[in-house]
Amino acid sequence: MKGVLESLIRGLGTGSVYALLALGFVIIYKATRVISFAQPALMIAGAVAVSYLVQVTGFYLAVLLSTLLIAGVALAVERVAIRPMVGRPVFVVAIITLGVDVVIRVVVNGFIGLDVRQVGDPWGLRLADIGGLVVQQRWIAMFLTTAVLVGLLFAFFRYTRYGLAMRAAAFDQETALAQGVSVGMVFALSWGLAGGLAAVAGTFVGTGQGVDQLTWIIALKALPAIIVGGLDSLGGAVIGGLVIGVVESLVQSYQGDLAPWLGQNFAVVTPYVVMLLVLLVRPYGLFGTPEVERV
Amino acid sequence: MTGGEEGPGAAGVETAAGHATPGTVPPVLTFEDVGLSFAGVTAIDGVSFEVAPAELFAVIGPNGAGKTSVFNVLSGVYRPQRGRVTFLGEDILGLPPHRIAEMGLARTFQNVELFHNLTVLDNLMLGRHHHFGYGPLSALLWLGRARRQELAARARVEDIIDFLDLAAWRRHPVRLLPYGVQKRVELGRALAMEPRLLLLDEPVAGMNLEETEDMARFVLDARDELGVPIVLVDHDMGLVMDLADRVLVLDFGRPVALGTPAEVQSDPKVIEAYLGGAP
Amino acid sequence: MTRMTGRTGDLEAVAEPPRAGPAAPRARRPRGRPLLYTSYSQDMALLDTRAKKVWLALLLGVAILFSGLPDDLLILLAGGYVAAIGAIGLNIVTGYAGQVSLGHAFFIAVGAYTSAALSGDPEGRVVGFGITNMIVWLPAAGLVAALAGVLVAPLAARLRGLYLAIVTLGLVFLGEHIFKEWDHLTGGPGVGRPAAVPELFGFRFDVDSALGTRAQSLYMLMLVLLVLFAVTARNLARSRIGRAFSAIRDRDIAAEVIGVPLTRYKTLAFAISSFYAGCAGALMYTITGFFDPGSFNLLMSVQFIAMILIGGVATVSGAVAGALFITLLPRLTQELPALLPFVSADTTQTPNVFQVQVALYGLLIVLFLVFEPRGLFGLWIRVRAYWKSWPFSY
Amino acid sequence: GVIRGDDEDQKAAVTTGVTNEPCPLAVDRNKGCVYLGTISDLTSGPFAALAVPITQAQKAFWNRVNKAGGIGGKYEVDVQAYVRDNKYNPETHNQVYQEIKNNVLGLAQTLGSPTTAAILADLKANNVVSAPASWTSAWEFEDVIVESGSNYCVESMNAVDYAMETYEPKTVMAVHYAGDYGADAAAGAKIAAERNSLEFTAVETPAGATEQGRAITEITKNKPDLVILTTGPADAAAIIGQSAAAGFKGRFIGTGPTWNPALLQSPAAPAILALYEQSSPGRPWGADTPGHRAMREALGNVTPNDGYTSGWAWSYPLKAALDKMVAGGDISRKGLLAAVKSLSTVDYEGMLPPEAGNYAGDPGTATFRQTLISKPDRAAPTGVTIVKDFYTGPTAQSYTMDGPCFEKL
Amino acid sequence: MLEVRNLEAVYDDVMLVLRGVSLRVPAGSVVALLGANGAGKTTLLRALSGLLDVHDGEITKGSVLLDGEPVHGLLPAQLVRRGISQVMEGRRIFAELTVEENLKVGAHTAPRQAAANLERVYGLFPLLKERRKGVSGYLSGGEQQMLAVGRALMSGPRYLLLDEPSLGLAPTLVGQIRDLVVEINKQGTTILLVEQNAAMALSIATHGYVMETGKIVMDRPAAELLADEDIKEFYLGLGAEGAVKSFREVKHYRRRKRWLS
Ligand SMILES: Nc1ncnc2c1ncn2[C@@H]1O[C@H](COP(=O)(O)OP(=O)(O)OP(=O)(O)O)[C@@H](O)[C@H]1O
Ligand SMILES: Nc1ncnc2c1ncn2[C@@H]1O[C@H](COP(=O)(O)OP(=O)(O)OP(=O)(O)O)[C@@H](O)[C@H]1O
Ligand SMILES: CC(C)C[C@H](N)C(=O)O
Ligand SMILES: [Mg+2]
Ligand SMILES: [Mg+2]
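Protein chains in written order, with the numbering used here: chain A, 14 to 308; chain B, 2 to 280; chain C, 47 to 440; chain D, 13 to 421; chain E, 37 to 297.
Below, the structure is given as structure tokens:
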């Protein structure tokens, strides 16, 4: 039982990272209906920036600076490569983000070099004992950070008119323009936010294990998470991330004993299996907005 | 059918009445006590009517009265909670839309629903979709069967293009066409299906008088020359009252009146709910 | 804009619409190529204009002349032609039918393994049945992949837009897992297995022969197959089925209401698309002779999407152009850094040639799509429009 | 009508990939030039971090050879004109190989196993001698591939044998990537475990530090006395660090590519220092042999990394074969292959024992079976110092190489 | 005053749709713009609201002046902020948003007046208030049209461009829209009304324009237009004697329009 609980908590820990990653995707999707394949590159860029800055400024300041820096990079990308595409099919834009990802990743790899870079976080692999349960400290930190950020984002979308403007722009850019919504501004805002979130997520990915040239792949875990949650739902992204994290962790721990015939590393694909199962029941994920269709 | 003895539509009604009289010939369509609601909103509430062969039947009513919903039930897009709908003697409730289409029910839509990246020609050819009898293999290889059928279909579609005066737009993607022309293309697509019942949802909305006249002509010709019964929804009272043999008035999903245009126009309930002011 | 009506008496009085009804047969043509059809069959022919015939003949001629190119370029082009077959396939489901699929790599893999298993050495380390004749393994690869397509279609048919895209992406990840685990078939990751043997009634395309070098044989084989697959795809596109696909893409409810059964046609689109993918997969590795289960990943799917977007969605020629563009791009970017003085050839320096190559690859895709979002096909349209209206700018 | 391969009729060409013209970057413009190709994972593939220093070291190696008079005083060697990026993709590998194959005599480097397998048929058909950048046991069976240092399979056998005498484990677990690298090593561990009557389990794990949950659970649940690791560095750190955090006290021995000096900066460092040792096919960067000294000198001021060491060492057999070919007079691919087949020792300048370069015998006898064990050490340039120099354990000693090991797991 | 001077607009670099259109909408007036399908009315409105760009269209000549200042280079959002608001052809509601959210987006540039304007719109269209939490995409066609008009009012515009506001509305509502236009005009909003319902449009307009194939062919006070023979015949459906013609009697023959000769 304790094993299950610890596995669960580990799942919540990694799930928090997925959730953070997923939030970035969702914000861009909400405003532009595009899945930005540049998120992995921005994430890893954020982590690498922290790994350099931390030597000068200390961890927390480094995270802050890196968040701003990556938000800036994202804004630049948006301005140069995405803004001209207002009104264009989303898949074209998605492929553009892919090109952007390639470019950024080459540059970042130059900074990673041959090493595994350390983000210098204060938690390392230290453990905390919560009522007899042994938990890694960084998981608690991730969980709390995710909670705070989601709270802030909710407040932002709830209390400013930009949340609504984003949804309107996502649905129909021309009509949003006609309402005086500056679609360019909305794009920039979503990219800036997503970039900042990517940097934070990247930092947490790096805690305890560092980042190398292959670390970006983890960002792809956010894709099934956002589908499970529903592409345009912030809350869904968080829940999706946590669900995926927990299921994956449980599968890692028990599938070998319970269902060895699924293959040795079935855990790697569980996010996708969970996603398929959810979609069988709910074609728009748990909290996604169904497409409105009437004739 | 209650042949209109008076009013501007008299001549047309006689033509229609010449085709069929209720009681002697079975109706093309019967709509019996249909009820449809969506979470909290009642769209149709106990509506019944019949459409006779070659009849031009109109449904009118305020916005949100349930007219389009009636069409959606007929074409299988909505599934009502209660009632019975028979088309050509067959119960069509529960059939998927494409099955109903194959039976010969064609419609146009209130908000133009064309295939906007396709040309006028392709849109019309799509109307003939279920008249083709060749399969994927034949299509891939463009064997004789596919070729012959495509050519035959093209000839029919060209007739419709001529009929609706669309020749100038033939190769244009429909998304670039002016609204009014799009509505005509939609009618063309429905006609290409060789329908046995035609549903027109606000065919003249957004048209100026001249274009409305054209459309009126097309509608009448379709009915008179092809003998297709038509159900028409529109807010242009001039058009409806001139063309329709009978008119059904709905309000809040409920039937308010059913009769000849003249009868309906002078019905105080209808005036109050819909027409407003003097008829 | 006043209509050009055939019936009103005042046709002459109608102002000439600006480029209205350009290709209207039997109508008076305002400007442009004399283009008079006397029958619908002429108008509906595959190559309905003289220009198209000339272009195609020219292109084919050039393609055949290319067989005199150096072997490494032939190999590259042969790979491009196979990719084009795959891209045409993706275009069927994504371009025409509007079902964005990131699962193409999976179907490619199914085809590759089917063919490799059929033609593999029965005595070998991995599964093999020793049936090396292409006439058997090529259709088989297509059919098995098509079957896989039919199996996923029911789920796919329920989903829209990016949900579908990511679900099909899930297919790629699941497939990767299966292929890595099933090492009896695939050899396992980092090991791989030999590909199908391209043999047709005793003639081996993958070895030098009296008819030409290995590269030349493979090149001609792929060229012929590409033409075959392209023509059938064009036929499909102009048939009732292709039209129904487009209808589903543009407005699925309306399509259903005019009599197009959605699920059946979506399934058909996946099946045909996967058939193409399967054949492409089978052929793709006959060039390298060997493949690894790690190849069938997200990147491959995405490359195919890029091909059709860059070439121009929903056109066969666009898919071919896009496939060639993407396969030739790395080769192109190899030459470019040489012109830039600041890049080092030293692999430990940043930026070095290899990094610049990869970055350029990404950059070119971005630039291309930003400046010509309709893809190569759009570029072509622009050029054509320019020449057509020349010397009048409007 | 296409000019091909060996028939190529170039004025200055002696044979494919060899010219009488000097190399583009020649030291002595009176010498001819032997071109060797390099196909490596230089940008976005999974082994880029290792491949870049390998390539760099080989450039330095051949430069040194040229400075020292070249091959037989007649030729210099160029490894820079034909460098290509394979992105660790077999198809790309094949494509770029096709591109350069008619310009090179052999390959100074072909990185990766599946990638090399994708060109193997062509290499064999055209007698293109190539130095691999991988240590899979499959190469023992290929004449055109001149491997250096023990394969992963042997390395793990020796690791288990070493542990036998040092820690006397009862249970062994191999935690490994799939395929030629991981499975090859795991197979070696399995063979050794069987021979020593140890309980053996194999746990295949995917790449990605966040994907190691299952491996960690398996380790902490089964508590093996010895874990043989064949993963990448970041993954190894995750496994060691988190297993230790969960209370695991057994030993870890990782194969060569699991190590990266930066791991000693990671949060897992204490666990690594306490529990980890490393097996390797050669001595680390800081070792004191003429070869190592020459390498350090040639490379100058770079961050130490054993990618350099391997790249450098992999080049010796090719040099020996080229020397022999030139001496023998048959300057051609066939000549080179013949030279390789007659090599039974290679002078590795102390980096490897000369018998490591035996390409003359059959795999059973020619396979080199010595490896070393090192332990983490913050003071050492690449973070490890040798605890047990070249040795052959009893398992490796008696094992008959009759096929690639990875097939046997 | 909103003024268009000699405007030319081109789609896709090749399709000339507006050919030198000039038109004036004096502050405080209601100006009606009539014209057949495809005449270029919608294109003209797009040019005024800065939306041509989205359609690959471009102003190639001429200018748009707002109170004497050229505004044709401005972005749509800037134009909305300057008080130009448009009801787009074909409703174009945000189908996935609720009714109220749609209206709030309309108030994007005027967040302070949002609450007041919302009440005003609900006052005009009680039905919208009833359905305010409902997903707008499920509204009936006419209900959606109400929403589109209501949304345009949310920014409190000085100039309101209406592209066929009565499209698909029941006769009673057409009357209401007419009254509404008069009403908001009285409250100080200037109106450019594109309408197919010419009788309705001309009955409230001060001035009218008729457009054909991208050109203004008539430019007269509304009252004069109402009396014009051609307008009577082609737009109002009155026979020569002023009697309403029946659609049943329409033949496929059209007299040549005088303004074309
Ligand atoms: N899918 C649906 N979900 C929710 N409500 C719906 C749906 N379809 C229709 N309704 C509601 O049912 C009622 C009837 O709608 P319908 O479209 O049939 O009206 P209509 O008579 O065609 O009106 P109009 O003349 O404005 O087009 C409306 O109030 C509408 O909002
Ligand atoms: N995006 C576009 N690209 C190319 N041509 C276009 C585009 N939009 C409209 N057109 C063309 O411009 C002309 C004018 O169209 P517009 O929509 O302005 O007409 P309209 O007067 O508003 O007609 P309606 O009364 O039917 O709405 C038409 O010929 C149309 O085909
Ligand atoms: C040195 C490494 C790049 C070798 C790799 N493990 C392979 O065999 O493919
Ligand atoms: Mg309706
Ligand atoms: Mg318009």
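Even for Gly, the Cβ is constructed at its ideal location relative to N, Cα and C.
Please report the straight-line C-alpha distance between residue i and residue j, rounded to a whole angstrom.
{"i": "residue 161/A", "j": "residue 251/A", "result": "12 Å"}
{"i": "residue 298/E", "j": "residue 101/E", "result": "With chain E covering 37 to 297 only, the question about residue 298/E has no answer from this structure."}
{"i": "residue 49/E", "j": "residue 429/C", "result": "12 Å"}
{"i": "residue 21/A", "j": "residue 246/D", "result": "23 Å"}
{"i": "residue 289/C", "j": "residue 281/C", "result": "11 Å"}
{"i": "residue 380/D", "j": "residue 402/D", "result": "11 Å"}
{"i": "residue 122/A", "j": "residue 226/A", "result": "6 Å"}
Tell me, please, which residues DSSP counts as bridged to residue i.
{"i": "residue 242/B", "result": "None, per the DSSP bridge assignment."}
{"i": "residue 110/D", "result": "Residue 110/D pairs with nothing; no bridge assigned."}
{"i": "residue 51/E", "result": "47/E"}
{"i": "residue 403/D", "result": "383/D"}
{"i": "residue 45/B", "result": "37/B"}
Which residues in chain A sit within 9 Å of residue i, going by Cβ to Cβ distance?
{"i": "residue 219/C", "result": "233, 237, 281, 282, 284, 285"}
{"i": "residue 142/E", "result": "192, 193"}
Helix, strand or coil for residue i per DSSP?
{"i": "residue 362/E", "result": "The displayed coordinates of chain E run from 37 to 297. Any statement about residue 362/E would go beyond what the structure contains."}
{"i": "residue 179/C", "result": "strand"}
{"i": "residue 182/D", "result": "coil"}
{"i": "residue 9/D", "result": "The structure shown does not extend to residue 9/D, since chain D is modelled only from 13 to 421, so the question has no answer here."}
{"i": "residue 19/D", "result": "Unreliable placement is indicated for residue 19/D, whose pLDDT of 44 sits below 50; no coordinate value is reported for it."}
{"i": "residue 118/D", "result": "strand"}
{"i": "residue 45/D", "result": "strand"}
Given a threshold of 16 other Cβ atoms within 10 Å of its Cβ, counted over all protein chains shown, does residue i qualify as buried or as exposed?
{"i": "residue 126/B", "result": "buried"}
{"i": "residue 87/E", "result": "buried"}
{"i": "residue 30/E", "result": "One cannot answer for residue 30/E here, as it falls past the ends of chain E, which runs 37 to 297."}
{"i": "residue 200/C", "result": "exposed"}
{"i": "residue 385/C", "result": "exposed"}
{"i": "residue 232/E", "result": "buried"}
{"i": "residue 131/A", "result": "buried"}
{"i": "residue 264/C", "result": "buried"}
Taking only beta-carbon atoms, is residue i less than 8 Å away from chain H?
{"i": "residue 143/A", "result": "The structure shown contains no chain H; its protein chains are A, B, C, D and E."}
What residues from chain E crowd round residue i, counting only those whose CB sits closer than 8 Å?
{"i": "residue 167/A", "result": "Within chain E, no residue comes near residue 167/A; the closest Cβ sits about 17 Å away, beyond 8 Å."}
{"i": "residue 236/B", "result": "178, 204, 205, 206, 207, 210"}
For residue i, which residues in chain C fall below 7 Å Cβ to Cβ?
{"i": "residue 33/B", "result": "Those do not exist, as residue 33/B stays about 22 Å from chain C at its closest Cβ, beyond 7 Å."}
Residues of chain B with CB under 9 Å from residue i, in chain order?
{"i": "residue 234/E", "result": "209, 210"}
Interface residues of chain C around residue i at Cβ under 9 Å?
{"i": "residue 244/A", "result": "207, 208, 209, 212"}
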